[in-house]
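Peer 1: I am attaching a structure below and will ask some questions about it afterwards.
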Amino acid sequence: MNQFLRRLLFLPDQASTFALDVDRLHYFVILTTFAMSTGVGLTAIWFFIRYRRRSETQTTPHIEPKTWMEALFVAVPLMFFTGWFFLGYREFVRQYTPPIDSMDVYVMAKKWMWKFAYPDGPNSVNVLRVPAGQNMRLLMTSRDVIHSFYVPEFRVKMDVLPGRYTQIWFNATTPGRYQILCAEYCGAGHSIMRGEVIVLRPQEYEDWLASQRRGLLVSQQDGQPTGMDFVPPLGNLVEQGRRIAADQGCLKCHTTDGTRHIGPTWLDLYQRRERLSDGSVVLVDEAYLTESMMDPALKIVEGFQPVMPSFQGKLAGPEVAALVEYIKSLQSDAVRTGPSEGPAYAPIRGR
Amino acid sequence: MRLSEADSHALSGAPAAPNYLHDGTTVMSWLNTRDHKRVGIMFLVSVVFFFFVGGLFALLIRFKLLQPGPFFVDALSYNRMFTLHGIVMIFLFLIPAIPSAFGNFVLPLMIGARDVAFPRLNLASFYLYLGGALIAIWGIIHGGADTGWTFYAPYSTTTPTQVAPILIGVFVIGFSSILTGINFIVTVHTLRAPGLNWMRLPLFVWSTYATSIIQVLATPVLSITVALVTIERIGGFGIFDPARGGDPVLFQHMFWFYSHPAVYIMVLPPMGVISECVCAFSRKNPFGYKAIAFSSLGIAFVGFFTWGHHLFVAGQSVFVGGAFGLLSMFVGIFTAIKVFNWVGTMYRGAISFKTPFAYICGFLYFLVFGGMTGVALATTSLDIHWHDTYFVVAHFHFIMVGASVMAFLAALHYWFPKMFGKTYHEGWGLVAASLIILGFNATFIPQFLLGNFGMPRRYYQYPEHFQALNVASTAGATLLGFGFVLIVIYLGISLKWGSRAESNPWGSKGFEWLTASPPPTHNFDEIPTITQMPHDYRTHEPSGVIRVA
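For the protein sequence lines, the chains are X and H, in the order given. To get the numbering used here, take the position in the first sequence, counting from 1, and add 506. To get the numbering used here, take the position in the second sequence, counting from 1, and add 1.
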């Protein structure tokens, strides 16, 4: 019955603990609405058939409703509406009261992307990984205008405001991939401000988290792996590149989150086709990245000024490689390592 | 002192014109008129023009949405189009449509007055409307705005498009709305014919009176709000900018404090039209006259306390959400009272299925469905999934098009003989009504399903699984568009070549039919004394008599 009605009403899959309860009220409310509007329509048609005009000068009796009828007109809708309201409000309060054992993720929205930061784990752009069956609380804020975090399969939505935090919680039941949509109009990229929630089985989530932590561990030991730990070299190099980029001042002009600054953003830069100021198009690969560090004025991306200094002789070979690997790792659907950039916010449970 | 038409002609020495349409035929005689009927006609022409402008934007939007990816226009143009569709339809069509056009024309006739209380103010109201519209159009031509008609800060305060001229246009149009409201309130209080006490007022007058109260009390808040956004854009005051201590949610509270009552500015006059038409076409007294009349005032009152239901997921507290949710239910109750009474009016009547009656049937179905989905949206937890999706779009189009435009068309057909003294073609009327009702369902029922499916509104591109329903909706919109064009064609033909209408072709006992159709310049040769309730069909006696002094 639930599945039949859900498909009939085009509702998406029910992938959180809220979904079924919300949908049950939805069925009740919509079926009542259908019954009521059809009832009124059919009564009007029946009255037309029964009482159609017999002559152009026909007179009609003066009829007024009895008091009990007036009372009924008020009481019946009042009963239904307040019934809906109390059922709905109970669920509403539940949806806005995160349980005490929730796991926190910080969400930063900006035109037109979602950034997620785990307090003690990795950051990511546009991809939120959560374990199934775990209460998750999202603490959300915006860098520019109002956005709204919406996952249809979870039946959750909350506006994301600049200058304050809003929170939302959910418990995903079914492993899978679900689209995050921005539901509050935010400009030209509003409709493509989409992300993804990947719900993992708890064990898969632990594995993923562990692999991320290994990368972190290495960086905390200043990039000196001991023989005891196996560390994927990529994570190491990427982390090195990140530090070099900060030390050398690259990040003063290049952003890593997609926003336009003095130089082109590094997010999704690798394998991007850039139009140059002379009209030609270049595919950004390792060679182009290296060349641009050594002789930046040679190929200027259209719309930018040739202000970057040359790093010839300032960077060693391995450092250039680390920077290139770091830029390659900045894909909006990939996960970055590094300490949380999330804002300070009192967690629910003491850590 | 009231002058009869004969007196006034004796004073001016001009020959008596047969009716207001022939009392001066130059352009200036229209542009400089004080006659409420001519002001009403000028409003009617303007709002119909803007309805087609807004409708054109709607069709362009629907055409783009045939494809999920970039198609036909770019994102910025698309965003401008839905913004302009909203602004034109709300501020230039729906708000003035029934009160300023039909209200101006029939309200003084219904209460047996020679004109509104302030005829010059009435004309000024038209020019403010036109002036505001021109300022807004200037902004549209010079870049347009991409904020959505809701102008949410801080997007509206930071976007580089031409938001300021459009806000100033809306500000000026607001004064037009306020002046019309004041004029109607004073007119109803002071210019009623002898014998027309408050409990005999036609129901259209009651609903217009309730609307006028909202116009006078709520519109200033809109003016303040758009003025603040304009000041913030031009002067950088930071009222809605959190970086400088402002609050973006404050904008939403102020905006909806006007814009939710504004929904009742758009829907109460249509309810009044339906109250008149149901009685006229059922030849029946209104079932529960007082219930219908007072529920209009009830809606006007409660409408001021429901704005927070637009902010359930905007960051207001859970308690405030609940309070606004519960208060919103009362609007549903008052509307339900009206619906039951309209259906009750048909009971044991003598129903004639003319074009306006077809629109009444459409109106009843759409109002109940649209209204109850509105109550469903106010059921807090359901709103979380539906908020800012196509479900909301479909819901308010059911009210704005399904109810308000249906009533506008009912009014247009019902009062067409009264206004122009011509009959329209009944067959074509029914064809157009069926096209519109069918096209309307085909357009907006898929949008309800799209909302359930999770498609947010104001989406230029959308995930591909939404495409089928979008194509269905566009097909319906095309049908709807044909219906509206058809009406303009056959009414235009009737205007030019239609046969002469009788003075009271419907045999209606609404008070506006006590005078000739079209009415003389001063409405009544002698002011009638009202002796009955409106729409009393027990006898054939006229509802008013001329007392010979």
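C-beta atoms are modelled at their ideal positions from N, C-alpha and C, and glycine is treated no differently.
According to the Cβ coordinates, are Ala694(X) and Leu218(H) closer than 7 Å?
Peer 2: Working through the first sequence from its first residue, we reach residue 694(X) at position 188. Working through the second sequence from its first residue, we reach residue 218(H) at position 217. No; because the gap between Cβ atoms is not below 7 Å, this pair is not in contact.
Peer 1: Could you say which of His396(H), Leu383(H), Ala351(H) lies nearest to Leu368(H) if we only look at CA atoms?
Peer 2: Sequence index remark: in the second sequence, residue 368(H) carries index 367 (1-based). When each option's Cα is compared against that of Leu368(H), the closest is His396(H).
Peer 1: By the DSSP assignment, the alpha helix (DSSP H) with Thr647(X) in it spans what residues?
Peer 2: Residue mapping note: residue 647(X) aligns to position 141 of the first sequence, counting from 1. Here Thr647(X) belongs to no alpha helix (DSSP H); instead the beta strand (DSSP E) covers 641-648.
Peer 1: Please list the residues of the region 446-457 of chain H that have a C-beta atom closer than 7 Å to any C-beta atom in chain X, keeping them in chain order.
Peer 2: Residues Leu450, Asn453, Phe454, Gly455, Pro457.
Peer 1: Using a C-beta cutoff of 7 Å, does Trp590(X) count as contacting chain H?
Peer 2: For the purposes of this step, residue 590(X) is taken as the residue at position 84 of the first sequence. Output row for Trp590(X): interface = yes.
Peer 1: Apply the 10 Å Cβ neighbour rule to Asp735(X) and answer buried if 16 or more other Cβ atoms are within range, or exposed otherwise.
Peer 2: As a first step, residue 735(X) is located in the first sequence; it is residue number 229 there, counting from the start. In this predicted model, Asp735(X) has a pLDDT of only 40, less than 50, meaning its place in the structure is not dependable; the value taken from the coordinates is given anyway. With fewer than 16 Cβ atoms within 10 Å of its Cβ, Asp735(X) is classed as exposed.
Peer 1: Using 8 Å for Cβ pairs, my map puts Thr522(H) next to Tyr21(H). What's the rounded Cβ distance?
Peer 2: To locate residue 522(H), count along the second sequence from 1; it is residue 521. To locate residue 21(H), count along the second sequence from 1; it is residue 20. Correct: roughly 5 Å between the Cβ atoms.
Peer 1: For a test of the three-state rule: what should DSSP assign to Met347(H), helix, strand or coil?
Peer 2: Start at 1 with the first residue of the second sequence, and residue 347(H) comes out as number 346. Note: Met347(H) maps to helix in three-state DSSP.
Peer 1: Just reading off the alpha helix (DSSP H) that Glu702(X) is part of, what are its end residues?
Peer 2: Your numbering for residue 702(X) matches position 196 in the first sequence. Here Glu702(X) belongs to no alpha helix (DSSP H); instead the beta strand (DSSP E) covers 701-706.
Peer 1: Could you pull out every unbroken alpha helix (DSSP H) segment of at least 4 residues lying fully inside the region 155-186 of chain H, listed in chain order?
Peer 2: Runs of the alpha helix (DSSP H) inside the region 155-186 of chain H: 156-159.
Peer 1: Where Thr444(H) and Asp801(X) are concerned, what is the direct C-alpha to C-alpha distance, given to the nearest angstrom?
Peer 2: Residue mapping note: residue 444(H) aligns to position 443 of the second sequence, counting from 1. Residue mapping note: residue 801(X) aligns to position 295 of the first sequence, counting from 1. Their Cα atoms are separated by approximately 58 Å.
Peer 1: Evaluate Ser30(H) with the Cβ neighbour count: other Cβ atoms within 10 Å of its Cβ, from every protein chain shown; 16 or more gives buried, anything less gives exposed.
Peer 2: Numbered from 1 along the second sequence, position 29 holds the residue referred to as residue 30(H). Ser30(H) should be labelled exposed.
Peer 1: Check the DSSP bridge columns for Tyr684(X) and list the partner residues they point to.
Peer 2: Taking the first residue of the first sequence as position 1, residue 684(X) is located at position 178. Tyr684(X) pairs with Val703(X).
Peer 1: Looking only at its own chain, which residues have a Cβ that is under 8 Å from the Cβ of Phe467(H), when we skip the five neighbours before and after it?
Peer 2: Walking along the second sequence from the start, residue 467(H) turns up at place 466. Correct list, in chain order: Pro69, Leu451, Phe454, Met456.
Peer 1: Identify every residue that forms a DSSP beta bridge with Asp656(X).
Peer 2: In the first sequence, residue 656(X) corresponds to position 150, counting from 1. Note that residue 656(X) is Tyr in the sequence shown here, rather than Asp. In DSSP, Tyr656(X) forms a bridge with Lys663(X), Leu687(X).
Peer 1: What residue range does the beta strand (DSSP E) around Trp675(X) cover?
Peer 2: Walking along the first sequence from the start, residue 675(X) turns up at place 169. Here the beta strand (DSSP E) through Trp675(X) covers 672-677.
Peer 1: Does the separation of the CB atoms of Phe119(H) and Asn33(H) fall below 7 Å?
Peer 2: Working through the second sequence from its first residue, we reach residue 119(H) at position 118. Working through the second sequence from its first residue, we reach residue 33(H) at position 32. No.
Peer 1: My output table needs one value for Asn632(X): the three-state DSSP class, helix, strand or coil.
Peer 2: Working through the first sequence from its first residue, we reach residue 632(X) at position 126. Looking at Asn632(X) - three-state DSSP - the assignment turns out to be coil, as it is neither helix nor strand.
Peer 1: Quick one, which of Leu687(X), Arg707(X), Leu706(X) has its alpha-carbon nearest Arg700(X)'s?
Peer 2: For this step, residue 700(X) is matched to residue 194 along the first sequence. Nearest of Leu687(X), Arg707(X), Leu706(X) to Arg700(X), Cα basis: Leu687(X).
Peer 1: Under 6 Å Cβ to Cβ from Phe817(X), same chain only, skipping five residues before and after it: list those, please.
Peer 2: The count along the first sequence starts at 1 and reaches residue 817(X) at position 311. Excluding residues within five positions, the ones whose Cβ falls inside 6 Å are Met799.
Peer 1: With 7 Å set as the bound, which would you pick, yes or no: does the beta-carbon of Met564(H) sit closer than that to a beta-carbon of chain X?
Peer 2: The structure shown does not extend to residue 564(H), since chain H is modelled only from 2 to 550, so the question has no answer here.
Peer 1: Does the count of Cβ pairs from the region 352-372 of chain H and the region 404-414 of chain H closer than 8 Å reach three?
Peer 2: With a cut-off of 8 Å, the region 404-414 of chain H and the region 352-372 of chain H count as touching, because enough Cβ pairs lie within range.
Peer 1: What does Ile698(X) reach in chain H if we use C-beta pairs closer than 7 Å?
Peer 2: Locating residue 698(X) in the first sequence gives position 192, counting from the first residue. The answer, in chain order, is Gln462.
Peer 1: On the DSSP letters alone, give me the boundaries of the alpha helix (DSSP H) that Lys621(X) sits inside.
Peer 2: Taking the first sequence and counting its residues from 1, the one referred to as residue 621(X) is at position 115. Not the alpha helix (DSSP H): Lys621(X) falls in the beta strand (DSSP E), residues 619-623.
Peer 1: Can you list, in chain order, the residues of its chain with a C-beta nearer than 6 Å to that of Pro739(X)? Leave out the 5 residues immediately preceding and following it.
Peer 2: In the first sequence, counting from the first residue as 1, residue 739(X) sits at position 233. In this predicted model, Pro739(X) has a pLDDT of only 38, less than 50, meaning its place in the structure is not dependable enough to derive any value.
Peer 1: Compute the distance between the beta-carbons of Asp774(X) and Ser838(X), then report whether it is under 7 Å.
Peer 2: As a first step, residue 774(X) must be located in the first sequence, where it is residue number 268. As a first step, residue 838(X) must be located in the first sequence, where it is residue number 332. Contact flag set, yes.
Peer 1: Candidates Arg201(H), Leu481(H), Thr27(H): which alpha carbon is nearest Ala294(H)'s?
Peer 2: Working through the second sequence from its first residue, we reach residue 294(H) at position 293. Measuring from the Cα of Ala294(H), the nearest candidate turns out to be Arg201(H).
Peer 1: Helix or strand or just coil, what does DSSP make of Val788(X)?
Peer 2: On the first sequence, residue 788(X) is found 282 positions in, with the first residue counted as 1. Strand, per DSSP.
Peer 1: Name, going along the chain, the residues of the region 578-604 of chain X whose beta-carbon falls closer than 7 Å to a beta-carbon of chain H.
Peer 2: So the list reads Phe579, Val580, Pro583, Leu584, Phe587, Thr588, Trp590, Phe591, Gly594, Tyr595, Glu597, Phe598, Val599, Gln601, Tyr602, given in the order they occur along the chain.
Peer 1: Mind listing the chain X neighbours of Arg81(H)? Cutoff is C-beta to C-beta under 9 Å, in chain order.
Peer 2: Residue 81(H) sits at position 80 when you count from the first residue of the second sequence. Result: empty, since nearest Cβ-Cβ is about 10 Å, beyond 9 Å.
Peer 1: Nearest by alpha-carbon distance to Arg778(X): which of Arg766(X), Asp791(X), Ser786(X) is it?
Peer 2: Position 272 of the first sequence, counting from 1, holds the residue named residue 778(X). Out of Arg766(X), Asp791(X), Ser786(X), Asp791(X) has the C-alpha closest to the C-alpha of Arg778(X).
Peer 1: Go ahead and label Gly733(X) buried or exposed: buried means 16 or more other beta carbons lie within 10 angstroms of its beta carbon, across all protein chains shown.
Peer 2: The residue given as residue 733(X) occupies position 227 in the first sequence. Low per-residue confidence applies at Gly733(X): pLDDT is 39, beneath 50, and the placement is therefore not dependable, though the value from the model is reported in the following sentence. The residue is exposed, with fewer than 16 neighbouring Cβ atoms inside 10 Å.
Peer 1: Using C-beta distances below 6 Å, list every residue in its chain close to Thr680(X), excluding the 5 sequence neighbours before and after it, in chain order.
Peer 2: For the purposes of this step, residue 680(X) is identified with residue 174 of the first sequence, where counting begins at 1. Taken in chain order, the residues that qualify are Ala521.
Peer 1: Hey, quick one: how far does the beta strand (DSSP E) through Ala803(X) stretch, first residue to last?
Peer 2: As a working note, residue 803(X) is residue 297 in the first sequence. Run containing Ala803(X): none; DSSP gives neither H nor E here.
Peer 1: Gly55(H) and Phe94(H) - do their beta-carbons sit closer together than 7 Å?
Peer 2: Taking the second sequence and counting its residues from 1, the one referred to as residue 94(H) is at position 93. Taking the second sequence and counting its residues from 1, the one referred to as residue 55(H) is at position 54. Going by C-beta atoms, Phe94(H) is nearer than 7 Å to Gly55(H).
Peer 1: Check whether the Cβ atoms of Phe172(H) and Val227(H) lie closer than 7 Å to each other.
Peer 2: Locating residue 172(H) in the second sequence gives position 171, counting from the first residue. Locating residue 227(H) in the second sequence gives position 226, counting from the first residue. Result yes, Cβ atoms of Phe172(H) and Val227(H) sit closer than 7 Å.
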